[in-house]
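Undergrad:
Number of protein chains: 4
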Amino acid sequence: MPNTAQTPSKKKTQVTASPERRRELLDTAAEVFAAQGYNATTVREIADAAGMLAGSLYYHFDSKESMLDEILSTFLTELWEGYDAVLAAGLGPRETIEALVTESFREIDRHRAAVAIYQKESKHLTAQPRFHYLSDSQQKFEKAWLGTLERGVRARVFRADLDIRLTYRFVRDTVWVAASWYRPGGQHSPDEIARQYLSMVLDGIAVRP
Amino acid sequence: MPNTAQTPSKKKTQVTASPERRRELLDTAAEVFAAQGYNATTVREIADAAGMLAGSLYYHFDSKESMLDEILSTFLTELWEGYDAVLAAGLGPRETIEALVTESFREIDRHRAAVAIYQKESKHLTAQPRFHYLSDSQQKFEKAWLGTLERGVRARVFRADLDIRLTYRFVRDTVWVAASWYRPGGQHSPDEIARQYLSMVLDGIAVRP
Amino acid sequence: MPNTAQTPSKKKTQVTASPERRRELLDTAAEVFAAQGYNATTVREIADAAGMLAGSLYYHFDSKESMLDEILSTFLTELWEGYDAVLAAGLGPRETIEALVTESFREIDRHRAAVAIYQKESKHLTAQPRFHYLSDSQQKFEKAWLGTLERGVRARVFRADLDIRLTYRFVRDTVWVAASWYRPGGQHSPDEIARQYLSMVLDGIAVRP
Amino acid sequence: MPNTAQTPSKKKTQVTASPERRRELLDTAAEVFAAQGYNATTVREIADAAGMLAGSLYYHFDSKESMLDEILSTFLTELWEGYDAVLAAGLGPRETIEALVTESFREIDRHRAAVAIYQKESKHLTAQPRFHYLSDSQQKFEKAWLGTLERGVRARVFRADLDIRLTYRFVRDTVWVAASWYRPGGQHSPDEIARQYLSMVLDGIAVRP
DNA sequence: AATGAATGAGACTTCATTCAT
DNA sequence: CATGAATGAAGTCTCATTCAT
Chain A
5 MPNTAQTPSK
15 KKTQVTASPE
25 RRRELLDTAA
35 EVFAAQGYNA
45 TTVREIADAA
55 GMLAGSLYYH
65 FDSKESMLDE
75 ILSTFLTELW
85 EGYDAVLAAG
95 LGPRETIEAL
105 VTESFREIDR
115 HRAAVAIYQK
125 ESKHLTAQPR
135 FHYLSDSQQK
145 FEKAWLGTLE
155 RGVRARVFRA
165 DLDIRLTYRF
175 VRDTVWVAAS
185 WYRPGGQHSP
195 DEIARQYLSM
205 VLDGIAVRP
Chain B
5 MPNTAQTPSK
15 KKTQVTASPE
25 RRRELLDTAA
35 EVFAAQGYNA
45 TTVREIADAA
55 GMLAGSLYYH
65 FDSKESMLDE
75 ILSTFLTELW
85 EGYDAVLAAG
95 LGPRETIEAL
105 VTESFREIDR
115 HRAAVAIYQK
125 ESKHLTAQPR
135 FHYLSDSQQK
145 FEKAWLGTLE
155 RGVRARVFRA
165 DLDIRLTYRF
175 VRDTVWVAAS
185 WYRPGGQHSP
195 DEIARQYLSM
205 VLDGIAVRP
Chain C
5 MPNTAQTPSK
15 KKTQVTASPE
25 RRRELLDTAA
35 EVFAAQGYNA
45 TTVREIADAA
55 GMLAGSLYYH
65 FDSKESMLDE
75 ILSTFLTELW
85 EGYDAVLAAG
95 LGPRETIEAL
105 VTESFREIDR
115 HRAAVAIYQK
125 ESKHLTAQPR
135 FHYLSDSQQK
145 FEKAWLGTLE
155 RGVRARVFRA
165 DLDIRLTYRF
175 VRDTVWVAAS
185 WYRPGGQHSP
195 DEIARQYLSM
205 VLDGIAVRP
Chain D
5 MPNTAQTPSK
15 KKTQVTASPE
25 RRRELLDTAA
35 EVFAAQGYNA
45 TTVREIADAA
55 GMLAGSLYYH
65 FDSKESMLDE
75 ILSTFLTELW
85 EGYDAVLAAG
95 LGPRETIEAL
105 VTESFREIDR
115 HRAAVAIYQK
125 ESKHLTAQPR
135 FHYLSDSQQK
145 FEKAWLGTLE
155 RGVRARVFRA
165 DLDIRLTYRF
175 VRDTVWVAAS
185 WYRPGGQHSP
195 DEIARQYLSM
205 VLDGIAVRP
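Chains as they are written, first to last, in this note's numbering: chain A, 5 to 213; chain B, 5 to 213; chain C, 5 to 213; chain D, 5 to 213.
1. Within this structure, are the beta carbons of A117 (chain D) and E35 (chain D) separated by less than 8 Å?
2. What residue does the alpha helix (DSSP H) around E62 (chain C) start on, and which one ends it?
3. Heavy atom of the ligand SAM less than 7 Å from the Cβ of E24 (chain C), yes or no?
4. Are any of the Cβ atoms in chain B nearer than 8 Å to that of M5 (chain A)?
5. In whole angstroms, what separates the C-alpha of F174 (chain C) from that of A159 (chain C)?
6. Taking three-plus beta-carbon pairs below 8 Å as touching, is the stretch 112-130 of chain B in contact with the stretch 71-85 of chain B?
7. By alpha-carbon positions, which one of A:F145, A:R155 and A:R134 ends up nearest to E99 (chain A)?
8. Does the separation of the CB atoms of M214 (chain A) and L30 (chain A) fall below 8 Å?
9. Report yes or no: is there a C-beta of chain C within less than 8 Å of the C-beta of Q136 (chain D)?
10. For a contact defined as C-beta to C-beta under 9 Å, what are the partners of Y201 (chain B) on chain A?
11. For the 8 Å Cβ check, are there 3 or more pairs between the stretch 37-54 of chain A and the stretch 84-93 of chain A?
12. Mapping the DSSP letters down to three states, classify E131 (chain A) as helix, strand or coil.
13. Please report the distance separating the alpha-carbon of R27 (chain C) from that of T45 (chain D).
14. I'd like the ranges of any alpha helix (DSSP H) spanning at least 4 consecutive residues and lying wholly in the stretch 35-101 of chain B.
15. Are the stretch 185-200 of chain D and the stretch 198-208 of chain C touching by the rule of at least three beta carbon pairs closer than 8 Å?
16. Just checking: is the beta-carbon of T81 (chain C) within a distance shorter than 8 Å of some beta-carbon in chain D?
17. What number of angstroms, rounded off, separates the C-alpha of A9 (chain C) from the C-alpha of F145 (chain C)?
18. What separation, rounded to the nearest whole angstrom, lies between the Cα atoms of P6 (chain C) and G59 (chain D)?
19. Counting only C-beta atoms, is W149 (chain B) closer than 8 Å to chain A at any point?
20. Counting C-beta neighbours from all protein chains within 10 Å, is the total for D177 (chain A) 16 or more, i.e. buried, or is it exposed?
21. Could you check what DSSP says for A210 (chain B) in three-state terms: helix, strand or coil?
22. What runs of the beta strand (DSSP E), each 3 residues or longer, lie entirely inside the stretch 138-175 of chain D?
23. Tell me which residues of the stretch 16-49 of chain C have at least one Cβ-Cβ distance to chain D shorter than 9 Å, keeping chain order.
24. Ordered along the chain, which non-local residues of its own chain (more than five positions away) have a Cβ less than 7 Å from that of Y186 (chain B)?
25. For A148 (chain D), which residues of its own chain have a beta-carbon under 8 Å away from its beta-carbon, when the five flanking residues on both sides are left out?
26. With a CB to CB cut of under 7 Å and the five nearest residues on each side skipped, what residues in its chain are close to A33 (chain A)?
27. Spatial neighbours of Y172 (chain B) within its chain, please: C-beta separation below 8 Å, excluding the five flanking residues on both sides.
28. Do D165 (chain A) and A210 (chain B) count as a contact pair if the criterion is CB distance below 8 Å?
29. Whole angstroms are fine: how far does the CA of V47 (chain D) sit from the CA of A120 (chain B)?
30. What does K124 (chain B) reach in chain A if we use C-beta pairs closer than 7 Å?
31. Exposed or buried, S22 (chain A), counting other C-beta atoms within 10 Å across all chains shown (16 or more means buried)?
32. Check whether the Cβ of G208 (chain A) lies closer than 8 Å to any Cβ atom in chain B.
33. Would you mind giving the Cβ-Cβ distance between I168 (chain C) and V179 (chain C), rounded to the nearest angstrom? I have them listed as a contact below 8 Å.
34. By Cβ distance below 8 Å, which residues in the same chain neighbour V161 (chain A) in space, the five residues on each side in sequence not counted?
35. With a threshold of 6 Å on Cβ separation, who are the neighbours of F135 (chain C) within its own chain once the five nearest residues in sequence on each side are excluded?
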């Protein structure tokens with residue numbers, strides 16, 4: 005997931021005009037998209053949720069698609085700020101994985117809707133040029149995680165008998181699917197969930213003999 | 005996921021028509037639904053993929069929705085045949101989990117498209133009465149897995165220090181998300197994938213000290 | 005084209021506002037209307053060209069349509085001042101035609117945009133009561149030109165072997181279509197263009213035997 | 005006006021399907037476009053005129069714009085067939101002009117609506133890449149007419165004292181504006197109109213001294 | 001005077017579905 | 001069985017216009 009070059013909307017929508025209102029509306033839209041799916045969501049439903057008429061949304065945004073775009077790219081930008089900080093910290097492989105997982109759950113906590121949308125829609129969005137940055141991010145993401153896992157195998161902190169790509173998918177999916185059931189303000193804090201997830205992933209759920 | 009035999013077409017569709025052609029068309033439809041999402045798929049795209057015109061599909065099926073219905077219910081019926089056999093076998097908790105995971109990967113191998121559709125669409129489909137059987141299945145599914153896990157904790161074969169519901173979601177998601185990247189005929193057989201997944205889930209990816 | 009003083013704004017627009025600004029804005033609007041067509045022009049494009057926001061135009065004008073109205077009626081008023089002077093001068097038919105053509109090219113020079121708009125839009129505007137004055141003008145126009153041509157035929161200065169209505173349309177169109185390509189400040193002055201046009205219309209482009 | 009490369013509609017509309025219906029609908033659309041202007045015409049008005057619902061038009065055409073495109077390009081293709089035949093005939097300059105004018109009035113007779121649309125819309129359409137062929141045609145058109153006129157001046161059959169570009173515009177506009185008032189089946193046949201126009205253009209409307 | 005935000009009507013377009021052939 | 005043509009509902013988007021500030 006890349007810190008997107010963000011489509012420069014030259015046309016009309018005031019990107020200048022009050023960014024708070026924009027953000028409010030995007031949050032509303034993200035919530036509806038996450039709940040119903042992007043395609044199944046009508047512009048009118050977003051507008052209803054925002055307390056305005058469908059047409060009024062177009063004062064703030066070019067199109068329904070550009071809302072989706074902005075939701076996803078904003079999320080990815082923030083995500084990579086966190087990831088890049090972790091990767092630059094020079095930690096050992098196990099500590100890096102721990103930090104990445106923790107960071108991920110924090111992002112899920114902060115951008116639950118965006119993550120859920122990303123999970124559901126990103127695959128078929130990458131076909132469109134406008135959303136190529138999703139693949140870019142995906143690749144960068146894979147490099148960071150897979151690289152760390154490989155480093156760990158070489159350093160003998162991760163098992164060598166497993167297919168490394170399988171392990172990668174396992175860890176990756178395990179973390180991000182959480183967005184589909186996670187509700188902020190629930191029983192466990194993001195950090196607590198991260199701790200338990202890491203414990204399962206690293207040590208397994210079986211009792212040690 | 006229940007084997008609710010919800011298929012009886014009430015309206016008109018010729019059940020007389022050769023069931024093989026029906027299945028062929030459903031397979032085609034499932035593939036397209038999985039690739040693009042149900043909502044994003046037009047009836048014309050399915051027809052194109054099947055080499056006919058959109059209207060012609062209606063000789064075989066009542067509606068786009070009934071195709072989805074049939075795809076999902078067929079899959080769930082088969083899935084529960086396998087699951088029920090496992091659950092009736094009277095295995096210990098660890099062996100039950102192993103058998104369920106293995107069975108799941110076999111289903112993914114056989115019904116990749118259906119599983120992918122299920123993953124993406126089931127949440128917002130359960131709202132419709134027609135698809136209530138999806139929630140039924142979900143519940144039955146949860147009871148089987150959660151029950152087995154709890155049994156394992158009591159039997160001291162699974163760790164007691166983890167939130168059991170978190171563990172459940174972890175195992176469940178770990179398995180099913182695989183449908184999003186799995187391609188039949190790949191490097192690893194379903195059983196091999198199951199073996200490695202189980203190894204990770206049960207024993208973790210970290211090297212034991 | 006009549007000088008129907010159809011301008012009195014009945015509704016609200018501040019006529020108090022400086023008339024120069026009004027004229028400026030109308031000139032801008034006319035330019036955009038001429039370039040893109042009235043229907044294809046959005047109020048926002050006019051506002052952009054004027055360096056303000058769309059809504060702000062409504063401080064100056066009732067509606068987009070009233071801008072068009074004012075552009076056209078102002079032009080026609082001026083046109084008829086010139087024409088009426090010519091017609092009142094008591095010239096012979098050939099001299100009258102010469103004077104009318106010359107006057108027309110001067111109007112095109114002064115009101116290029118308005119003339120272009122008139123050419124493109126007048127036909128479908130005449131349906132609306134608000135723009136009935138366009139048909140009135142058209143009729144008065146036809147009477148003046150056709151009458152002069154007929155007078156010329158009777159006086160044996162214009163050919164009698166031509167369909168007089170065809171001749172009328174020929175002369176009329178010949179003159180006014182020029183607005184579609186004419187650019188003020190070009191190579192030829194309006195009077196020079198008029199001279200050459202008259203030479204062609206009166207004597208033809210073929211070399212005399 | 006070029007014999008257009010015609011946009012290859014790859015997407016969906018059956019260009020194969022009954023070309024007669026297509027042509028019928030295009031004729032209807034052309035009539036409405038010519039009467040009201042392209043922008044002022046709604047898809048529903050076209051559909052009403054064709055006795056169907058607005059959406060049904062999209063079975064035959066990609067978009068309102070593609071109808072316009074097909075109307076114009078079909079017309080231009082036919083026009084250039086006629087023009088090219090004339091230009092290839094090796095006539096003298098005066099005879100070439102006569103043949104071109106005659107051919108033009110025949111085209112106006114056959115494609116009155118298309119010509120009217122061309123006159124009104126072509127200028128602002130050329131901005132769009134899709135309609136670049138309009139400029140191409142315009143250029144080819146200019147080369148043919150201007151070239152013939154220059155040839156005529158050199159051959160001393162056309163006057164040398166006139167600005168040749170002015171003459172070109174004069175002749176060109178004179179002919180084509182006729183589409184705005186011409187009604188097929190009127191008093192004069194296209195050939196008769198051509199004859200009188202040529203008489204005016206070549207010899208003028210004034211009586212020879 | 002001008003802005004920023006919103007309204008509401010209506011435009012173009014898509015698409016599941018129907019049905020005579 | 002399948003096609004070709006059409007329907008009708010609904011969806012996205014545009015735009016002239018309004019109005020409080």
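Beta carbons are placed, not taken as given, at the ideal position from N, Cα and C, and that holds for glycine. Just so you know, these numbers come straight off a predicted model, no measurement behind them.
TA: The answer reads as follows:
1. Residue 117 (chain D) sits at position 113 when you count from the first residue of the fourth sequence. Residue 35 (chain D) sits at position 31 when you count from the first residue of the fourth sequence. In this structure, E35 (chain D) lies closer than 8 Å to A117 (chain D) by Cβ.
2. Your numbering for residue 62 (chain C) matches position 58 in the third sequence. The residue asked about is misnamed: residue 62 (chain C) is Tyr in this sequence, not Glu. L61 to H64 is the span of the alpha helix (DSSP H), which, as asked, contains Y62 (chain C).
3. As for the ligand SAM, it is missing from this structure, which has no ligand bound.
4. Position 1 of the first sequence, counting from 1, holds the residue named residue 5 (chain A). With a pLDDT of 37 at M5 (chain A), under the threshold of 50, the modelled position of this residue cannot be trusted; read the value that follows with caution. No, no contact with chain B.
5. The sequence position of residue 174 (chain C) within the third sequence is 170, counting from 1. The sequence position of residue 159 (chain C) within the third sequence is 155, counting from 1. C-alpha separation (whole angstroms): 20 Å.
6. yes
7. Here residue 99 (chain A) refers to the residue found at position 95 when the first sequence is read from its first residue. Looking at the Cα atoms, A:R155 is the closest of the given residues.
8. Residue 214 (chain A) cannot be examined here, being either before or after the span of chain A that is shown, 5 to 213.
9. Start at 1 with the first residue of the fourth sequence, and residue 136 (chain D) comes out as number 132. Checking the sequence shown, residue 136 (chain D) turns out to be His, not Gln. Taking Cβ atoms only, chain C never reaches closer than 8 Å to H136 (chain D), which makes this a no.
10. In the second sequence, residue 201 (chain B) corresponds to position 197, counting from 1. Neighbours of Y201 (chain B) on chain A, chain order: L170 and F174.
11. no
12. Within the first sequence, the letter at position 127 stands for residue 131 (chain A). The sequence as given places Ala at residue 131 (chain A); Glu does not occur at that position. Three-state DSSP puts A131 (chain A) in coil, outside helix and strand.
13. For this step, residue 27 (chain C) is matched to residue 23 along the third sequence. For this step, residue 45 (chain D) is matched to residue 41 along the fourth sequence. Each residue's alpha carbon lies about 31 Å from the other.
14. 47-54, 61-64 and 68-91
15. no
16. The sequence position of residue 81 (chain C) within the third sequence is 77, counting from 1. No, its Cβ sits nowhere closer than 8 Å to a Cβ of chain D.
17. Reading the third sequence from its first residue, position 5 is the one you call residue 9 (chain C). Reading the third sequence from its first residue, position 141 is the one you call residue 145 (chain C). At A9 (chain C), the pLDDT of 40 sits below 50, so the modelled position is not reliable; the number obtained from the coordinates is stated separately. Approximately 17 Å between the Cα atoms of the pair.
18. Position 2 of the third sequence holds residue 6 (chain C). Position 55 of the fourth sequence holds residue 59 (chain D). Residue confidence for P6 (chain C) is low, a pLDDT of 34 falling below 50, so the modelled location carries little weight and cannot support an answer.
19. The count along the second sequence starts at 1 and reaches residue 149 (chain B) at position 145. It does not: the Cβ of W149 (chain B) has no partner Cβ on chain A nearer than 8 Å.
20. Residue mapping note: residue 177 (chain A) aligns to position 173 of the first sequence, counting from 1. Buried.
21. Counting from 1 along the second sequence, the entry for residue 210 (chain B) is found at position 206. In this structure, A210 (chain B) counts as strand in the three-state DSSP scheme.
22. none
23. A39, Q40, G41, Y42, N43 and A44
24. Numbered from its first residue, the second sequence carries residue 186 (chain B) at position 182. If we look at Y186 (chain B) and ignore the five residues flanking it on each side, its Cβ neighbours are I112 and R116.
25. As a first step, residue 148 (chain D) is located in the fourth sequence; it is residue number 144 there, counting from the start. Counting only Cβ-Cβ distances below 8 Å, and skipping sequence neighbours, we find Y87, L91 and L104.
26. Here residue 33 (chain A) is taken as the residue at index 29 of the first sequence, counted from 1. So the list reads I50, M71 and I75, once near-sequence residues are dropped.
27. Along the second sequence, one-based indexing puts residue 172 (chain B) at 168. These residues qualify, in order along the chain: E146, W149, L150 and L153.
28. Residue numbering aside, residue 210 (chain B) sits at position 206 when the second sequence is read from its first letter. Residue numbering aside, residue 165 (chain A) sits at position 161 when the first sequence is read from its first letter. Not a contact, by the Cβ cut-off of 8 Å.
29. Residue numbering aside, residue 120 (chain B) sits at position 116 when the second sequence is read from its first letter. Residue numbering aside, residue 47 (chain D) sits at position 43 when the fourth sequence is read from its first letter. The straight-line gap from Cα to Cα measures roughly 40 Å.
30. The residue labelled residue 124 (chain B) in the question sits at position 120 within the second sequence. Those are K124, listed as they occur along chain A.
31. Taking the first residue of the first sequence as position 1, residue 22 (chain A) is located at position 18. S22 (chain A) is exposed by the Cβ-count criterion.
32. If you number the first sequence from 1, residue 208 (chain A) lands on position 204. Chain B, which has a Cβ nearer than 8 Å to the Cβ of G208 (chain A), makes this yes.
33. Translated into the one-based positions of the third sequence, residue 168 (chain C) becomes position 164. Translated into the one-based positions of the third sequence, residue 179 (chain C) becomes position 175. Not quite, the Cβ-Cβ distance comes to about 17 Å (not below 8 Å), so this is no contact.
34. As a first step, residue 161 (chain A) is located in the first sequence; it is residue number 157 there, counting from the start. G96, P97 and R98.
35. If you number the third sequence from 1, residue 135 (chain C) lands on position 131. L129, listed in sequence order.
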